[in-house]
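Chains as they are written, first to last, in my numbering: chain A, 4 to 272; chain B, 18 to 415. Heads up, the thing below is written out as structure tokens.
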Ligand SMILES: NC(=O)c1ccc[n+]([C@@H]2O[C@H](COP(=O)([O-])OP(=O)(O)OC[C@H]3O[C@@H](n4cnc5c(N)ncnc54)[C@H](O)[C@@H]3O)[C@@H](O)[C@H]2O)c1
Ligand SMILES: [Zn+2]
Ligand SMILES: [Zn+2]
């Protein structure tokens, strides 16, 4: 991933492919969600992407891969080739800017909503040490410094030169119009020195860095607005298809037998 | 505990699963005393809603008793509550605007829906992973997230059967009628005489409609609509559009309610076309009732759509809608908004919603109940399940 990818979606999917995408996407999404596995997740993602590309003419996958199926003469895709991955994402949070800034500025709070960040330790007024979850259960650590800090408005940071990981980012807090909370905008850039670390980074943030940041920001909003992050992990679920089916047949038979034993009743089915 | 689980198209099984636990501070666990099967559940049963997984616990219409609460919670153990089908945080912009099902914070899978719809709605109980994948209430126990916001305490003076439908279909029928902006002298036409249609009819009268015309093809359902004061119209026996024109002096109904949704029935050529396309996944929804409602509606009238749609429809008569300057109102019901005022109407005796119940069964009988309700057999109108008694196999509902 040596390209600079700006995820502002221009149409990069042609009209015929869009029609096919809608149909195939629905099927894939349904199939993918039916399987609780990595393959299922991949199918679901591909399905969702197909639906998205069918209805909007944009594909995340294509953007990531730098591909476009729109005829050249209509070319509007702003794929800028530079170094690293850049992600921009904005979300509106129903809280005052000062409250959001203060929570974020305390970097120790970040692991509560950043999925891959395990811990942040403050080392001095402008420096901090980060520990994140890497691929295959590994840990990645780096030191970062604050490069800009405007109270209640923005924070900028970057990793120190020579870190295992090269990253820079800023977050802006701007009051939304009409007192509708605060617009929070994150700009993040990863500048992998190349080679193995590039691949590592792609893994660290999932195959889709934008997706990861989008979810982190959503979780930030959920924490700040509701005090918790919604989940269904750990809720009850029926046994798998295989385990359940035997019990089902036995019960059906028993029910049928019970019914036929009762005088004056008959199977209506 | 026991729960009704989804295992594919027309495959519901009652399984033994683990009891739900508190997962977040604002959660509560409710011991379900009554649960109902909704027309919306039939869309899951029929396999029309994407994002279901094997083993998913169904059910979004339920009530019961609070048996456990999380750390920050307005409820107390022992409270008797009825729970809205939509899960809403109460803190986001949408919740604060009263647009509860549009909640920003209750759907853990919002990213998937954002790709499909642009923006995601909130979570729902037992209604696919697109709406959060929350385990539903056709079970002995259910976990209720953000339980300080949704659940409404039920006074002892009301029975379970009187309060249960506050969770969904009574507010749904009411909102469908309220969305018609009914004025003195208005004639309202209601497509679909299922429970939602019945409550829409009843509500239209409560809100001052002059007349209500009710369309369906099942005589028992049309009969119940007639008992509510509606004029029944069997669309299989007469031409619905001609008849509606005739019954309204050539004007057309002032407002049309589509209480049918994406699985509409039809027999003409266009209906066959929709059926074929839906089967091939080229169209997700069959909009026969909706098209007819748009066609029938008078100039400047309102089309109110409580019936559920999820994807794409074909041959949407946008020209007729535009030419007549119609107003469209639709969406998941704002149950939170209507629960309390409707509870008061029940207490005052203005409506007893239990009139729609046709079958009282046990949770164990859920598989047979789904089949019967889908096929509208045995004059099935609305099934209420008791999760705590053993089935008596002399009702022969299979
Ligand atoms: N908006 C919401 O939040 C919400 C809440 C609850 C239910 N719903 C939806 O409301 C709809 C009705 O629910 P229900 O419980 O009454 O379901 P139901 O299946 O009992 O009733 C549907 C009725 O529509 C009739 N019908 C079918 N095709 C028709 C046609 N072409 N013209 C006229 N009538 C036709 C059927 O015969 C049936 O009686 C469903 O789509 C359901 O998903 C929406
Ligand atoms: Zn329902
Ligand atoms: Zn909300």
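We put the beta carbon where it would ideally sit given N, CA and C, even for glycine. As the structure is a prediction and not an experimental result, all values here were calculated from the model.
Check your understanding: Would DSSP call residue 342/B helix, strand or coil?
Key -> coil
Exercise for review: Confirm, please, whether the CB-CB distance from residue 101/B to residue 352/B is below 7 Å.
Suggested key: yes
Review point. Once you ignore the five residues that flank residue 359/B on each side, which residues in its own chain have a CB closer than 7 Å to its CB?
Key: 183, 187, 188, 191
Practice item. Return yes when the Cβ of residue 213/B is within less than 7 Å of the Cβ of residue 221/B, no when it is not. Key: no
Review point. Are the C-beta of residue 152/B and some C-beta of chain D separated by less than 7 Å?
Key: Protein chains A and B are contained in the structure displayed, whereas chain D is not.
Exercise for review: Answer with yes or no whether the minimum CB distance from residue 117/A to chain B is below 7 Å.
Suggested key: no
Check your understanding: residue 131/A bridges to which residues according to DSSP?
Key -> 125/A, 147/A
Check your understanding: Which residue spans inside the segment 50 to 130 of chain B form an unbroken beta strand (DSSP E) run of at least 3?
Key -> 78 to 86, 97 to 100
Exercise for review: Could you name the residues of chain A that residue 32/B contacts, counting a contact when the two beta carbons are closer than 7 Å?
Suggested key: 241, 242, 247
Exercise for review: Check whether the Cβ of residue 123/B lies closer than 7 Å to any Cβ atom in chain A.
Suggested key: yes
Check your understanding: CA-CA distance, residue 315/B and residue 345/B?
Key -> 13 Å
Exercise for review: Sort out for me which residues DSSP pairs residue 46/B with in a bridge.
Suggested key: 85/B, 160/B
Check your understanding: In chain order, what residues of the same chain lie with their CB nearer than 6 Å to the CB of residue 131/A, ignoring the 5 residues before and after it?
Key -> 110, 123, 125, 147
Practice item. Specify, as a first and last residue, the run of the alpha helix (DSSP H) that residue 106/A falls within. Key: 100 to 108
Practice item. Provide the residue span of the beta strand (DSSP E) that contains residue 9/B, from first to last. Key: This structure does not reach residue 9/B, given that chain B is present from 18 up to 415, and the question cannot be answered.
Check your understanding: Within 10 angstroms of its Cβ, does residue 407/B collect 16 or more other Cβ (buried), or is it exposed?
Key -> exposed
Review point. Beta carbon of residue 90/B: closer than 6 Å to some heavy atom of ligand 3?
Key: no
Point to revise | Heavy atom of ligand 3 within 6 Å of residue 122/B beta-carbon | key: yes
Exercise for review: Taking the CB atoms as reference points, tell me whether residue 160/B and residue 42/B lie closer together than 7 Å.
Suggested key: no
Exercise for review: Going by CA-CA distance only, name the one from 88/A, 104/A, 90/A that's closest to residue 280/A.
Suggested key: There is simply no residue 280/A to check, as chain A begins at 4 and stops at 272 in what is shown.
Practice item. For residue 24/B, name the three-state secondary structure that DSSP assigns. Key: coil
Review point. Can you find a C-beta in chain B that's less than 7 Å from the C-beta of residue 62/A?
Key: Confidence in residue 62/A is poor, its pLDDT being 48 and thus under 50, which makes the residue's placement too unreliable to answer from.
Check your understanding: Going by C-alpha distance, which of 259/B, 58/B, 86/B, 67/B is nearest residue 48/B?
Key -> 86/B
Check your understanding: chain B beta carbons: is any one of them nearer than 7 Å to that of residue 8/A?
Key -> Only weak support is given to the placement of residue 8/A: the predicted model assigns it a pLDDT of 36, under 50, and the question is left unresolved by the model.
Exercise for review: Could you tell me if the beta carbon of residue 250/B falls within a distance shorter than 6 Å of some heavy atom in ligand 1?
Suggested key: no
Review point. Can you find a CB in chain B that lies within less than 7 Å of the CB of residue 185/A?
Key: no
Check your understanding: For residue 376/B, which three-state DSSP category applies?
Key -> strand
Point to revise | Beta-carbon contacts of residue 132/B that lie in its chain and below 8 Å, excluding the five residues immediately before and after | key: none
Check your understanding: When every heavy atom of ligand 1 is checked, does at least one fall within less than 6 Å of the C-beta of residue 99/B?
Key -> no
Check your understanding: Do you know how far the Cα of residue 143/B is from the Cα of residue 64/B?
Key -> 14 Å
Exercise for review: With DSSP as the reference, label residue 145/B as helix, strand or coil.
Suggested key: coil
Practice item. Give the residues from the segment 68 to 89 of chain B that approach chain A closer than 8 Å (Cβ to any Cβ), ordered along the chain. Key: 68, 69, 70, 71, 72, 73, 74, 89
Exercise for review: With a threshold of 16 other CB atoms inside 10 Å of the CB of residue 33/B, please say whether the residue is buried or exposed.
Suggested key: exposed
Exercise for review: For residue 305/B, verify whether its CB is less than 6 Å away from any heavy atom of ligand 1.
Suggested key: yes
**Study point:** Burial state of residue 243/A (16 or more Cβ within 10 Å)
**Key:** exposed
Practice item. Report yes or no: is there a C-beta of chain A within less than 7 Å of the C-beta of residue 196/B? Key: no
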